[in-house]
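Encoded as structure tokens, the structure appears first; notes follow it.
Residue numbers (the numbering used here): 1 to 158.
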């Protein structure tokens, strides 16, 4: 049974305050991003940031800005519900549930995707960000025609 994160918590942060503060800025940033409003990345990310998710891999703040501008272009609503945060040295893992509305997915109805972000923090900024989530749950299962086929395969295989 999947559990839903309800409120963000953090491991013992003594000695990890700079990382915890960066994670808090990261969480605030992701609940402000939307179509036409992809700003504030420089307050969270380093100039040489490396970002990867199931759909892309970019390096540098300019490429990240371009990637997020593209990703959020048709998003009508997006918010994150953050769960546990685990911190070790200069690394953090952040559990989240994304609530997303996109006109081409589920006919514009909200969909939810569970994931985890792995962050490395250097000098108070995120220098590495990798998102782990099921791309099928987010995209492929929610496309017309293709979604039905993928859901059938998943049900058949289980």
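We put the beta carbon where it would ideally sit given N, CA and C, even for glycine.
Within-8 Å CB hit, residue i to chain D
i	result
residue 17	No chain D appears in the structure shown, which is made up of a single protein chain.
Buried versus exposed call for residue i [16 or more other C-beta atoms within 10 Å across all chains shown]
i	result
residue 132	exposed
residue 28	exposed
residue 95	buried
residue 99	exposed
residue 76	exposed
residue 80	buried
residue 55	exposed
residue 125	buried
Whole-angstrom C-beta distance between residue j and residue i, which should lie under 8 Å
i	j	result
residue 92	residue 44	With a Cβ gap of about 12 Å, residue 92 and residue 44 do not count as contacting.
residue 50	residue 128	5 Å
residue 68	residue 113	Not a contact, Cβ separation roughly 16 Å.
residue 64	residue 41	6 Å
residue 72	residue 35	5 Å
residue 90	residue 122	7 Å
residue 130	residue 52	5 Å
residue 87	residue 16	5 Å
Where the beta strand (DSSP E) through residue i begins and ends
i	result
residue 30	No beta strand (DSSP E) contains residue 30, which is instead part of the alpha helix (DSSP H) from 17 to 30.
residue 128	125 to 133
residue 59	56 to 59
In DSSP terms, what residue i is bridged to
i	result
residue 95	116
residue 82	96
residue 101	77
residue 53	56
Where residue i falls: helix, strand or coil (DSSP)
i	result
residue 109	coil
residue 70	helix
residue 36	coil
residue 43	helix
residue 89	coil
residue 48	strand
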